[in-house]
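Colleague: I have a structure I would like to understand better, so I am pasting it below and will then ask my questions one at a time.
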Amino acid sequence: MLLEKTSSFPDKDAVRSRIEDLPIRVVSPKIGVFTRLQNIWVFRELLVSMVRKELRIKYKNSVLGFMWSLLNPALYLVIYYIVFQKILKNNMPLFAIFLLCGLLVWNFFSNALSSATTTVVNNAGIVKKVAFPREILALASVGAALIFFLLQACVLILALMVFQVVPAFGYLWLVPFALLALVFFASALAIALSAINVYLRDTQHLMELVLLAWFWGTPIVYPFQEIGVRLAQKHLIFLYFLNPVTVIVLTFQRALYAKMSYLDTSGKVTLLLPTYSPEWFVIQLLIVICVSAVLFIGALMLFGRLEGNFAEEL
Numbered sequence: 069m070l071l072e073k074t075s076s077f078p079d080k081d082a083v084r085s086r087i088e089d090l091p092i093r094v095v096s097p098k099i100g101v102f103t104r105l106q107n108i109w110v111f112r113e114l115l116v117s118m119v120r121k122e123l124r125i126k127y128k129n130s131v132l133g134f135m136w137s138l139l140n141p142a143l144y145l146v147i148y149y150i151v152f153q154k155i156l157k158n159n160m161p162l163f164a165i166f167l168l169c170g171l172l173v174w175n176f177f178s179n180a181l182s183s184a185t186t187t188v189v190n191n192a193g194i195v196k197k198v199a200f201p202r203e204i205l206a207l208a209s210v211g212a213a214l215i216f217f218l219l220q221a222c223v224l225i226l227a228l229m230v231f232q233v234v235p236a237f238g239y240l241w242l243v244p245f246a247l248l249a250l251v252f253f254a255s256a257l258a259i260a261l262s263a264i265n266v267y268l269r270d271t272q273h274l275m276e277l278v279l280l281a282w283f284w285g286t287p288i289v290y291p292f293q294e295i296g297v298r299l300a301q302k303h304l305i306f307l308y309f310l311n312p313v314t315v316i317v318l319t320f321q322r323a324l325y326a327k328m329s330y331l332d333t334s335g336k337v338t339l340l341l342p343t344y345s346p347e348w349f350v351i352q353l354l355i356v357i358c359v360s361a362v363l364f365i366g367a368l369m370l371f372g373r374l375e376g377n378f379a380e381e382l
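Now the structure itself:
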């Protein structure tokens with residue numbers, strides 16, 4: 069008895085007919101920078117939600133919650149006041165306030181970059197399953213760091229009142245511009261690093277070392293003039309201002325700490341901050357903002373080139 073030979077393959081005409089009946093899906097080319105900016109704006113509510121998520125995760129199951137953001141700078145203030153003013157008898161007036169002005173800027177910058185570098189990897193599940201502008205993940209890290217910055221700024225304002233420090237009102241109006249420059253610069257780096265870390269996981273560990281060196285290259289724990297004078301004598305002061313964070317920190321110190329000099333142990337007048345005019349600070353901050361804008365556009369372009377294979381790499 070002969071068995072009838074049957075084919076397991078469907079008829080070619082039937083397959084062709086099914087394919088023709090499928091809806092046509094137009095695959096668009098890589099979107100441009102302007103479209104990416106539009107998408108970020110369209111998904112702004114998602115950005116706000118992700119910022120809230122970042123805030124909830126940071127203090128999940130914590131009794132004090134957001135109070136830790138206030139206790140951190142307050143504890144720094146108390147410790148440095150006791151150590152430098154009471155124990156070491158540092159002649160520098162209110163060193164703790166000086167330090168807090170710089171730490172306020174640095175804490176925002178370092179927290180934003182550290183969190184943003186790993187954010188795409190840490191959110192691999194939604195990156196692979198949900199369609200949304202993935203740059204929002206990095207911007208959410210910056211947004212959360214900005215909230216913590218504002219909370220810690222309350223501690224600084226309270227400290228200024230307690231120690232009766234009078235800000236330099238002629239420079240105080242520069243602080244919002246400095247903050248804008250800081251957020252813009254941090255956002256550009258955050259977007260770029262979040263994409264690079266998907267392919268090079270060592271980036272997150274390398275950033276720990278980079279931020280450590282960057283911290284000591286910024287006049288936070290030491291007065292600008294200690295290095296600035298030496299560089300100026302060798303006509304190399306421009307090298308110091310290649311660090312955008314330096315200009316921003318100096319703006320906060322000049323506006324809020326405001327003290328320009330003090331008498332050291334030998335009775336010599338020692339400069340703390342540069343004696344530049346407000347116009348100089350405006351020019352420097354505008355330069356930082358313009359450079360940050362270019363970096364931001366470059367970061368979006370880099371992100372666009374790299375995100376195509378995120379799903380495979382994650």
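Sequential numbering of the sequence shown, starting at 69, is according to this note's numbering.
Ideal Cβ placement from N, Cα and C applies to all residues, glycine included.
1. How is the alpha helix (DSSP H) around Pro161 delimited, first residue to last?
2. Considering just the uninterrupted stretch of the alpha helix (DSSP H) at Phe245, what are its terminal residues?
3. To the nearest whole angstrom, what separates the beta carbons of Val362 and Ala263, a pair I think is in contact under 8 Å?
4. Pull up the distance between the alpha-carbon of Ile125 and that of Leu374, whole angstroms please.
5. What is the DSSP secondary structure of Leu339, reduced to helix, strand or coil?
6. Three or more C-beta pairs under 8 Å: does that hold for the stretch 236-243 against the stretch 349-360?
7. Determine the closest residue to Ser137 out of Leu181, Phe102, Phe217 and Pro291, with distance taken between C-alpha atoms.
8. Is the beta carbon of Thr314 closer than 7 Å to that of Ala286?
9. With 16 other CB atoms within 10 Å as the buried threshold, where does Arg104 fall?
10. Using 8 Å as the threshold, is the stretch 244-251 in touch with the stretch 163-170, meaning 3 or more CB pairs across them?
11. I'd like the list of long-range same chain contacts for Val195, defined as Cβ closer than 8 Å, with 5 residues on each side in sequence excluded.
12. Which residue comes first and which comes last in the alpha helix (DSSP H) that contains Ile305?
13. Can you give me the start and stop residues for the alpha helix (DSSP H) that Met118 sits inside?
14. Excluding the 5 residues flanking Val233 on each side, which residues of the same chain have their C-beta closer than 6 Å to its C-beta?
15. Apply the 10 Å Cβ neighbour rule to Phe102 and answer buried if 16 or more other Cβ atoms are within range, or exposed otherwise.
Modeller: Checking against the coordinates, here is how it stands:
1. Unbroken run through Pro161: none, as it is neither H nor E.
2. DSSP places Phe245 in the uninterrupted alpha helix (DSSP H) bounded by Val243 to Tyr267.
3. Wrong, their Cβ atoms sit about 17 Å apart, outside the cutoff.
4. Distance between the alpha carbons of Ile125 and Leu374 is about 27 Å.
5. Three-state DSSP puts Leu339 in a strand.
6. Contact between the stretch 236-243 and the stretch 349-360 is present, because at least three Cβ pairs lie under 8 Å.
7. Ranked by how close their Cα comes to the Cα of Ser137, the residues Leu181, Phe102, Phe217 and Pro291 have Phe217 in first place.
8. Sequence check: residue 286 is Thr here, not Ala. One thing to note: Thr286 has its Cβ within 7 Å of the Cβ of Thr314.
9. Classification of Arg104: buried, given that the 10 Å Cβ count is 16 or more.
10. Flag = no, the stretch 244-251 and the stretch 163-170 do not touch.
11. If we look at Val195 and ignore the five residues flanking it on each side, its Cβ neighbours are Val188, Arg202, Leu205, Phe378, Ala379 and Leu382.
12. Here the alpha helix (DSSP H) through Ile305 covers Ile305 to Tyr308.
13. Where Met118 is concerned, the enclosing alpha helix (DSSP H) stretches over Arg112 to Lys126.
14. Result list for Val233: Ile165, in chain order.
15. Phe102 is exposed by the Cβ-count criterion.
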